[in-house]
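In full-length UniProt numbering, the protein residues as written are 1 to 536.
Positions of the beta carbon are idealized from the N, C-alpha and C atoms, including for glycine.
Since we're looking at a predicted model, the values are computed, not measured.
The next block holds one structure in the form of structure tokens; read it before the comments.
Have a look at this one:
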């Protein structure tokens, strides 16, 4: 297989080896010279070094894994947010294994369920994750996977040459072969496994064959730039940036320092500044924080492209950036993959224009709200990933909620999720995400959850930034934003001060892998406190 072959028929695994052979000095990624001091700069990881690290990892896997009983057995990996994730991902394919990527941010119960459901045979982990892995394994109901501690990154990323282990299957043999197992965020329940094939991990390459590929699309922004995202490679977005942006579109991955949780404003700011980042894909909450920091705002304004993903971006935040940097929304889901968009003008920065080859129909669900539904069409099969995940379905409701542009057909603004809708006992409904976004505008709020399913009134669960105590000034600010949020609510579902609960540092809201609040698990964690609120 050669790099000149038709887009959409090239595997990441094979192309990495080809680049390493033909142009070994070509840069794949840059990583911090010193995690604790990013001002020292970043060092390059070439395709020659990447391929050699993959070969070392593949050899280690071959030597340490038990012989396969069945084809493409599942192994799992948990570790810090470094480049071992993509290295192990490619190495797993080379030794004929599927790689499960459980989020360490999920509950122990959720992680155990993922291992059970995937029939995992071995659980690989970095040294700092040993205790967490043992907790997960202790909760398993089925056969216990073998725990295996992997070597330090320096043992694979070394000048010592390893024997290249070729990836044998040609495209037509590999495209439907299971490779990576991601999982849904579990915001409203236990996470579900989603197995990606090599074809699904070639989605940005396949997009070059769409009928409207001659128009300016996202790929033109993603190609040949230095890109940064704080989303870890255990998430499909992080792995897409690490392997698809780079291998298919010629970009360079800028890797931030290893952190134990979501990237802070300082980490993101310094990574973009000293990593010479040109494009970034960030969660809106992080963009908000960067815009409140003078140096962070400068870093964002110096980008060429800023994509926000996971939630709407506040208009007041966008207004600080428009005219300085191109702002665009990104969208996708673990099940449906990347949502392919045509580019819109700066005035329409918060609107999505979905490419026709995705096969989406927008169906009215009430008022000015619509839900996009994937409708299976044979002519669009190669771009409709969700029907590779669910081959027996003919339609797939996304559970996303949009409102149309007031004057431009085909332009859609994201509102929230159907999962976010709270149905009260009196029949009124409330979209929690919109209210949560309003309350999150208050600078001292780190996270918020609005609930009350089946009750008469909504409750509000607030987590302060830095675990700060809720003094009178903070409370008055919170009451003010709640009153503003109430302006869009009917009398029956207005927020009230007597139904507000505060998380404490030792008991924060539960997060998903994307850093968003895990709605169901957070409500379960605070179930007793919530019940007491309503008993007052």
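- Under the three-state reduction of DSSP output, residue 489 falls in the coil class, being neither helix nor strand.
- In the DSSP assignment, residue 507 forms a beta bridge with 504.
- Note: residue 228 is bridge-paired with 280 in the DSSP secondary-structure output.
- Residue burial annotation: residue 37 is exposed, with fewer than 16 other C-beta atoms found within 10 angstroms of its C-beta.
- When the Cα atoms are used, residue 227 and residue 536 turn out to be separated by approximately 51 Å.
- Counting only unbroken stretches of 4 or more residues, the alpha helix (DSSP H) elements lying wholly within the segment 33-66 are 47-64, in sequence order.
- If the five residues before and after residue 456 are omitted, its C-beta is found closer than 7 Å to the C-beta atoms of 424, 425, 426, all from its own chain and listed in chain order.
- In this structure, DSSP gives residue 417 an extended state, which the three-state scheme calls strand.
- The shortest CA-to-CA distance from residue 354 to any of 367, 363, 339 is the one to 339.
- In chain order, 121, 122, 146 place their CB closer than 8 Å to the CB of residue 66, counting only its own chain and leaving out the 5 sequence neighbours on each side.
- Comparing alpha-carbon positions, the option among 311, 331, 298 lying closest to residue 325 turns out to be 298.
- According to DSSP, residue 374 shares a beta bridge with 360, 396.
- In this structure residue 171 touches residue 10 by the C-beta definition: roughly 7 Å separates them, less than 8 Å.
- Under the DSSP definition of a beta bridge, residue 98 partners with 74.
- Between the beta-carbon of residue 234 and that of residue 85 there is about 6 Å, and that keeps the pair under the 8 Å contact cut.
- Taken atom to atom, the span from the alpha-carbon of residue 304 to that of residue 396 is near 35 Å.
- Rounded to the nearest angstrom, the gap between the Cα atoms of residue 322 and residue 346 is 8 Å.
- In the DSSP assignment, residue 195 forms a beta bridge with 181.
- Only buried fits residue 530, as 16 or more other CB atoms lie within 10 angstroms of its CB.
- The residues 12, 15, 16, in chain order, have a CB closer than 7 Å to that of residue 247 in the same chain once the five nearest residues on each side in sequence are set aside.
- When DSSP states are grouped into helix, strand and coil, residue 453 belongs to the coil group.
- Remark: C-beta atoms of residue 516 and residue 311 approach each other more closely than 9 Å.
- In this structure, residue 101 lies away from residue 167, with their beta-carbon atoms at least 9 Å apart.
- In summary, residue 239 is buried, with 16 or more beta-carbon neighbours lying within 10 Å of its beta-carbon over all protein chains present.
- The Cβ-Cβ distance between residue 422 and residue 431 falls below 9 Å.
- Cα atoms of residue 126 and residue 82: separation of roughly 11 Å, rounded to the nearest angstrom.
- For residue 327, the enclosing beta strand (DSSP E) begins and ends at 326-329.
- In this structure the segment 396-405 touches the segment 370-380; the number of beta carbon pairs closer than 8 Å is three or more.
- With a 10 Å radius around the Cβ and a threshold of 16 neighbouring Cβ atoms, residue 532 comes out exposed.
- The beta-bridge partner set that DSSP reports for residue 140 is empty.
- Residue pairing by DSSP places residue 120 opposite 74 in a beta bridge.
- Per DSSP, the unbroken alpha helix (DSSP H) holding residue 14 starts and ends at 12-22.
- DSSP places residue 474 within a helical segment (H, G or I) once states are collapsed to three.
- In this structure, the straight-line span from the alpha carbon of residue 22 to that of residue 416 is close to 46 Å.
- Of the candidates 268, 256, 205, 205 places its Cα closest to the Cα of residue 249.
- For residue 402, the beta-bridge partners assigned by DSSP are 370, 414.
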